[in-house]
DNA sequence: AGGGGCTTCAGTTCG
DNA sequence: TGCGAACTGAAGCCCCTC
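In the numbering used here, the protein residues as written are 131 to 931.
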């Protein structure tokens with residue numbers, strides 16, 4: 131029974147997929163209506179297509195005939211349409227070939243590609259639902275309006291209403307408020323008596339979940355039987371019907387594990403809104419139809435301040451769940467807590483805290499993820515797992531469609547290096563009252579101003595009037611001034627949208643919901659704009675052109691050089707600079723004059739980013755620290771902010787920096803370092819602070835040299851732990867072993883006794899270098915740090931001890 | 001054999 | 001599965017001296 135009434139439905143798009151309905155593809159738009167109903171809008175009007183570029187001399191009708199002569203192709207084709215398009219800015223003749231069903235596209239493309247008169251096929255590798263969204267300008271996490279007829283929900287989908295679209299939905303650009311979204315955060319614990327849990331062998335014992343913040347439940351297995359647990363999990367999700375499901379590392383661990391367990395114990399993991407099970411999809415994520423399955427780990431990876439990205443560390447950093455308040459259980463002993471009745475309560479608490487942390491992280495991250503998805507145009511469940519390059523690319527593809535530009539194929543090109551930015555030699559030591567000035571969005575603005583783009587590039591040999599092109603310094607690449615290129619149009623759009631939002635924000639209260647929403651949006655816009663330069667120099671990019679990246683950095687170098695020259699002209703001393711920033715002695719009037727001069731002479735905006743009361747440079751580039759007016763300290767590049775130094779060394783350096791910058795009393799720093807060395811000798815420093823973390827950045831077999839963390843990884847593997855590429859390995863340097871450092875390492879989890887620790891290593895290779903990095907500029911010697919407080923008599927100095 | 005000096009490998013950060 | 005510039009420690013190698 132179908133209800134005939136035609137209505138206008140307004141909905142926020144949460145998820146999209148398609149299914150074949152006989153030989154008709156049906157697009158399904160899952161969303162939330164403005165009446166807060168969960169709905170699905172079906173569109174059966176769209177068909178897949180791709181383009182075939184015609185050779186210069188080929189005749190349209192002849193090529194068409196040749197295409198239709200192919201039996202297989204003819205059976206699948208609905209229409210062939212001749213069109214004029216642009217490819218890299220040049221007019222091209224193409225055939226738009228529309229087919230019946232998406233799965234047939236790869237076959238048809240391969241056949242058509244071989245036909246005489248056809249140079250290449252384009253846009254045949256765009257997934258069907260993405261094609262649909264691009265062509266109809268439909269955006270995830272955005273509001274749309276559609277004329278539709280309500281259908282009966284005869285497939286039993288978990289929605290309030292089912293609609294059939296009478297025409298594609300239209301984006302409602304002015305409606306920005308978010309619908310009320312329900313969020314389900316979960317975490318699983320597995321029985322791990324054999325070490326690393328294996329889904330083929332070890333049951334899931336606990337699933338904890340937090341729904342919309344306050345609703346918390348711990349589901350448990352019956353001893354080691356998880357069939358009922360899995361059934362309860364499915365029931366729980368179905369009952370609550372969340373819009374968004376979040377986990378931490380859930381795409382790599384929880385979902386594959388849940389899927390395998392369900393298969394083993396014969397439970398249907400029907401957690402979607404269409405009664406289907408989670409399926410692995412693009413970028414390795416698991417898709418749950420009708421909902422958004424978001425793995426927060428993907429976003430945590432982008433928080434570079436957190437070096438070891440465990441759930442606890444990320445929750446702690448985001449202020450969601452303090453590390454000190456967490457229930458602590460050694461991962462490898464989880465099974466013991468399960469088996470021993472009196473300990474089980476602790477494990478349940480621990481597990482729920484994981485779910486609570488996950489929920490808390492979701493609250494911090496989802497607002498940004500939602501804005502990113504709505505700008506880039508990738509569905510919410512994919513945006514996190516898509517790399518920076520792909521995010522930029524999807525945005526570009528959307529824009530290219532709007533401008534009638536064909537989307538280039540993805541072709542892996544040979545890697546070529548090119549020159550990057552300039553970094554100035556710093557003047558070592560302490561400087562007082564320093565302003566840091568920087569160009570805002572320097573590369574995007576250069577690309578806009580010079581119209582740098584693959585489609586405006588003029589290759590050598592092409593004759594063009596000098597007045598019609600911008601010529602890059604040093605490298606000589608030429609770019610047409612007109613018409614505006616793809617990068618220019620895209621970047622202008624991003625930067626304009628961002629300024630507009632920032633203007634709107636000025637009229638809002640900073641703690642209002644709307645303000646926060648807009649703030650996340652402007653952040654997302656900035657990130658995409660700033661990533662565009664990196665994208666254009668990436669050999670995997672569809673719009674890769676080395677000359678584009680090379681010209682951009684060349685103009686960047688010229689700009690910063692000319693800016694330095696202007697500063698000197700005004701008598702300002704430049705202390706340091708990196709890429710788009712300059713450190714200059716702060717003289718209010720002169721700096722204001724300078725900012726105006728740069729704007730007038732060079733046509734770029736430069737602004738004061740911060741003012742340091744005091745700043746300290748070593749002779750190394752990219753390494754300094756500074757004290758701001760409000761007492762905060764910035765540490766840049768030094769050991770204290772690096773993830774591959776022990777916490778002990780980092781703390782020492784941090785403190786030394788503080789003493790030196792705030793009190794300018796290096797002798798106090800010396801006393802402090804001596805104190806720490808003594809504490810270490812007396813085994814007073816917690817072992818955790820001695821752990822050194824390094825990323826296993828390749829497969830173990832691929833390493834050419836014997837190196838500490840690889841050796842540790844091998845030890846862990848012998849103990850039954852799974853160690854994979856990309857993982858952080860934590861180890862402690864111990865006594866004994868051989869001469870080489872790599873022969874003295876132990877996985878930190880195995881170090882129980884302080885007597886094992888090679889304290890000399892931590893003194894000589896961690897504490898002292900970290901402290902000396904700063905202190906040597908104040909005439910302090912290593913000896914002063916090592917020797918006890920009372921001595922340094924000449925006698926002892928020569929006599930040795 | 002052992003140490004100095006240099007290069008290479010590897011990891012990490014800056015902008 | 002965004003870029004190049006830059007730094008640093010440890011391993012590995014060559015060469016010299018003994």
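For glycine and all other residues, C-beta sits at the position ideal for the given N, C-alpha and C.
Along the chain, where does the beta strand (DSSP E) that runs through residue 377 open and close?
-> 374 to 377
C-alpha gap between residue 382 and residue 220, whole angstroms = 43 Å
Just list the alpha helix (DSSP H) runs in the stretch 459 to 541, keeping only unbroken ones of 4 residues or longer that don't cross its boundaries, in chain order.
-> 464 to 469, 471 to 506, 510 to 513, 518 to 532
Whole angstroms is fine: what's the gap from residue 728's alpha carbon to residue 577's?
-> 18 Å
Does DSSP put residue 658 in a helix, in a strand, or in coil?
-> helix
Tell me, please, which residues DSSP counts as bridged to residue 346.
-> 340
Rounded to a whole number of angstroms, what is the C-alpha to C-alpha distance between residue 694 and residue 722?
-> If you take the alpha carbons of residue 694 and residue 722, they lie about 15 Å apart.
With DSSP as the reference, please indicate the residues paired to residue 410 in a beta bridge.
-> 416
Inter-residue Cα distance where the pair is residue 620 and residue 533 | 10 Å
Note down the Cα distance separating residue 521 from residue 855, rounded to an integer number of angstroms.
-> 24 Å
Would you mind giving the Cβ-Cβ distance between residue 872 and residue 843, rounded to the nearest angstrom? I have them listed as a contact below 8 Å.
-> The pair is not a contact, with the Cβ atoms about 11 Å apart (cut-off 8 Å).
To which residues of the same chain is residue 472 closer than 8 Å at the C-beta, ignoring the five residues directly before and after it?
-> Contacts found: none.
Where does residue 143 land, buried or exposed, given buried means 16+ other C-beta within 10 angstroms?
-> buried
Exposed or buried, residue 149, counting other C-beta atoms within 10 Å across all chains shown (16 or more means buried)?
-> exposed
Cα-Cα separation between residue 840 and residue 848, rounded to whole angstroms | 13 Å
Residue 217 - partner residues in DSSP beta bridges | 220
Got a sec? Which residues, its chain only, sit under 7 Å from residue 527 by beta carbon, not counting five neighbours each side?
-> 264, 537
Between the CA atoms of residue 719 and residue 927 - distance to the nearest angstrom | The predicted position of residue 927 is uncertain, since its pLDDT is 40 and thus under 50; a value taken from the coordinates is nonetheless stated next. Approximately 53 Å, taken between the alpha carbons.
Using only alpha-carbon positions, find the residue among 769, 787, 788 that is nearest to residue 779.
-> 769
Alpha carbon to alpha carbon, what distance is there between residue 713 and residue 700?
-> Between the alpha carbons of residue 700 and residue 713 lies a distance of about 15 Å.
Rounded straight-line distance, which links the Cα of residue 518 to that of residue 524 = 10 Å
Is residue 750 buried or exposed, if buried means 16 or more other CB atoms sit within 10 Å of its CB?
-> exposed
Between the stretch 564 to 572 and the stretch 740 to 749, do at least 3 Cβ pairs fall closer than 8 Å?
-> yes
Using DSSP with H/G/I as helix, E/B as strand and the rest coil, what is residue 142?
-> strand
Check residue 137 in the structure and name its three-state DSSP category.
-> strand
Alpha-carbon spacing of residue 139 relative to residue 274, whole angstroms = 8 Å
Consult DSSP for residue 180 and reduce its assignment to one of helix, strand or coil.
-> strand
Pick out whichever of 164, 543, 227 has its Cα sitting closest to the Cα of residue 195.
-> That would be 227, whose Cα lies nearest to the Cα of residue 195.
Beta-carbon contacts of residue 481 that lie in its chain and below 7 Å, excluding the five residues immediately before and after | 317, 319, 336, 338, 348
Going along the chain, which residues of its own chain have a beta-carbon closer than 7 Å to the beta-carbon of residue 913, five neighbours each way excluded?
-> Setting aside the 5 residues that flank it on each side, residue 913 has no residue in the same chain whose C-beta is closer than 7 Å to its C-beta.
Does the Cβ of residue 483 have 16 or more other Cβ atoms within 10 Å, making it buried, or fewer, making it exposed?
-> Counting of Cβ neighbours within 10 angstroms places residue 483 among the buried residues, the total reaching 16 or more.
What is the DSSP secondary structure of residue 206, reduced to helix, strand or coil?
-> helix
Quick one: is residue 876 buried, meaning 16 or more other Cβ sit within 10 Å of its Cβ, or exposed?
-> buried
Exposure label - residue 724; buried when at least 16 CB within 10 Å | Buried, because 16 or more other Cβ atoms sit within 10 Å of the Cβ of residue 724.
Straight-line CA distance for residue 235 to residue 341?
-> 41 Å
For residue 149, which beta-bridge partners are listed by DSSP?
-> 156
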